[in-house]
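In my numbering, the protein residues as written are 548 to 628.
1. Which residues share a DSSP beta bridge with residue 593?
2. Would residue 582 be called buried (16 or more neighbouring beta carbons within 10 Å of its own) or exposed?
3. To the nearest angstrom, report how far apart residue 610 and residue 604 are at their CA atoms.
4. Quick one: is residue 600 buried, meaning 16 or more other Cβ sit within 10 Å of its Cβ, or exposed?
5. Suppose contacts are defined by Cβ-Cβ distances below 7 Å. Is residue 590 in contact with residue 584 by that definition?
6. Anyone know if the C-beta pair for residue 550 and residue 596 falls short of 7 Å?
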């Protein structure tokens, strides 16, 4: 989780990128680590990658900030100002 926060600003980040950062096998992360973190609500799996949750930040004593889209294009149902 700290690698996700420190390296990828909380995500989203792809599983291969996280595995490379940790020096761990992708299969180990997907089969052992990820299911546990998902179950306890510390990790969210999205189309764009893995993201840390508010619960995980609270547990680690970190400030949570929602991830923002990497584009200036508004979301489909987002009101424009």
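We treat Cβ as the ideally placed atom computed from N, Cα and C, and that holds for glycine. Please read these numbers as outputs of a predicted model, since none were measured by experiment.
Looking at the coordinates:
1. 596
2. exposed
3. 6 Å
4. buried
5. yes
6. no
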